[in-house]
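Working notes, structure below.
Numbering (the numbering used here), first residue to last: 184 to 554.
Shown next, in the form of structure tokens:
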């Protein structure tokens, strides 16, 4: 065999080995499983196919996207942005969630989109990404000080709410560590298949379509509402699971959780249907190419106006650098909106206890002065 043929054969072997490694990696539990891949209950398949938002093998938004999937332009990938990550450790408050009284109505921001909520004696954990925000641990590292909460810090919860299956909202390692403390999982249609892959019991998985509801403990109704986003653990398996927003309708107050979303007609519809006490809105990790999947700075004022909540709180920032903007830009924008538009946007730091029944509670501009 000639030297050239030997070299060619070696290249082919290397390619085959690399492909095998990638396929094996994608088959690991952390990627979960989408409907139809395996033993999805027939009832779920029938509900997915009957959904008015499902056609051509995938879910669709109410407002069509102008771009199929979000993504930054190639030249911006290499563009250096000043202040993309903070140089200093971010501040937080060390709170023991296990010591919070069961009858207190509170919220604690755990970083990025992760939230711990108690209302009416019922506990919720929302989109916990406490260990990693990507399938590979060294990619998408959190800012220093933004990862103070770990799975061991989370007490037993009644309901785990998952807005969609992107890694920065649904982290397998976090879920696996919390398994014995999770009561029931509530998610959009199709997303429950990941939890079946992770050996959750069928009776502990509640999958709902947009504008469906579930009656929970404590006389709480959880409404599954639209968002304008996309889904998928891998790009070629996108939109097989439904991305959602939530309304926790408790006897004492209504809490709206936007999930990842861009601006769309759904905000006006939700604001007209519900009297919202607190709107928790995903605002951060945006760029022009993601206008169809994340809220842009020029839209956030419209989002709040359409929802018309008594108070608003922004998440999806100050932990990861997923987009090319200064790390504290979303906070600066909402701070100016408070001053210019008279919105009541609260800015608790990670770990700070938010009393849901205290509209007079004040919060500092904790990000000011941090380089």
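Glycine included, each C-beta is placed from N, C-alpha and C at the ideal position.
In the DSSP assignment, the alpha helix (DSSP H) including residue i goes from what residue to what residue?
i	result
residue 367	Unbroken run through residue 367 is the beta strand (DSSP E), 365-371; no alpha helix (DSSP H).
residue 313	Counting along the chain, residue 313 falls outside any alpha helix (DSSP H), and DSSP gives it neither H nor E.
From this set, the options, which residue's C-alpha is nearest residue i's C-alpha?
i	options	result
residue 470	449, 450, 506, 445	506
residue 541	460, 339, 525	460
residue 179	545, 488, 444, 434	Residue 179 lies beyond the stretch modelled for the chain, which goes from 184 to 554, so this question has no answer here.
residue 360	303, 375, 339	339
residue 400	280, 524, 303	303
residue 212	493, 380, 296	380
residue 551	199, 228, 224, 273	273
residue 476	300, 549, 247	247
residue 328	451, 352, 306, 294	294
residue 493	438, 503, 446, 450	438
residue 331	297, 416, 432, 554	297
residue 535	352, 289, 446, 222	289
residue 309	317, 316, 300	300
residue 553	268, 481, 276, 354	268
residue 526	412, 232, 312, 491	491
residue 263	504, 520, 313	504
residue 539	322, 324, 474, 462	462
residue 468	486, 495, 512	512
residue 343	323, 364, 230	364
residue 232	194, 346, 385, 391	391
residue 170	520, 501, 315	With the chain covering only 184 through 554, there is no way to say anything about residue 170.
residue 239	422, 547, 451, 530	422
residue 405	431, 319, 201	431
residue 287	480, 311, 306	306
Quick check: does the Cβ of residue i come within less than 7 Å of any heavy atom belonging to the ligand NAP?
i	result
residue 423	Ligands are entirely absent from the displayed structure, and the ligand NAP is therefore not among its contents.
List the DSSP bridge partners of residue i.
i	result
residue 397	405
residue 549	Beta-bridge pairing links residue 549 to no other residue.
residue 494	461
residue 199	BP columns for residue 199 are empty, so no partner.
residue 264	For residue 264, which the question treats as bridged, DSSP gives no partner whatsoever.
residue 306	301
residue 275	533
residue 528	495
Provide the residue span of the beta strand (DSSP E) that contains residue i, from first to last.
i	result
residue 293	289-294
residue 517	Where residue 517 is concerned, there is no enclosing beta strand (DSSP E), although the alpha helix (DSSP H) it sits in stretches over 512-524.
residue 297	297-302
residue 537	536-538
residue 390	388-391
If I'm right that residue i touches residue j with Cβ under 8 Å, what's the distance once you round it to whole angstroms?
i	j	result
residue 368	residue 383	6 Å
residue 341	residue 280	Not quite, the Cβ-Cβ distance comes to about 14 Å (not below 8 Å), so this is no contact.
residue 489	residue 424	Actually they are not in contact, since the Cβ atoms of residue 489 and residue 424 sit about 26 Å apart, beyond 8 Å.
residue 245	residue 448	6 Å
residue 410	residue 444	4 Å
residue 549	residue 326	Residue 549 to residue 326, Cβ: 13 Å. No contact.
residue 453	residue 465	Actually they do not touch by this definition, with Cβ atoms about 14 Å apart.
residue 417	residue 242	Residue 417 to residue 242, Cβ: 16 Å. No contact.
residue 396	residue 388	With 8 Å as the limit, residue 396 and residue 388 do not qualify as a contact, their Cβ atoms being about 16 Å apart.
residue 537	residue 291	7 Å
residue 557	residue 235	Any property of residue 557 remains undetermined from this structure, which presents the chain solely from 184 to 554.
residue 533	residue 275	4 Å
**Item:** 4-residue-minimum alpha helix (DSSP H) runs that sit fully inside the segment 416-490, ordered along the chain
**Value:** You should have 449-456, 483-490.
**Message:** Runs of 4 residues minimum, wholly inside the segment 218-246: which ones carry the alpha helix (DSSP H) assignment?
**Reply:** Annotation note: the segment 218-246 contains the following uninterrupted alpha helix (DSSP H) runs of length 4 or greater, listed N- to C-terminal: 225-233.
**Request:** Only counting runs of 3 or more residues, tell me where the beta strand (DSSP E) segments fall wholly within the segment 323-381, in order along the chain.
**Result:** For the segment 323-381, the continuous beta strand (DSSP E) assignments of 3+ residues that do not extend past its boundaries occur at 340-345, 365-371, in sequence order.
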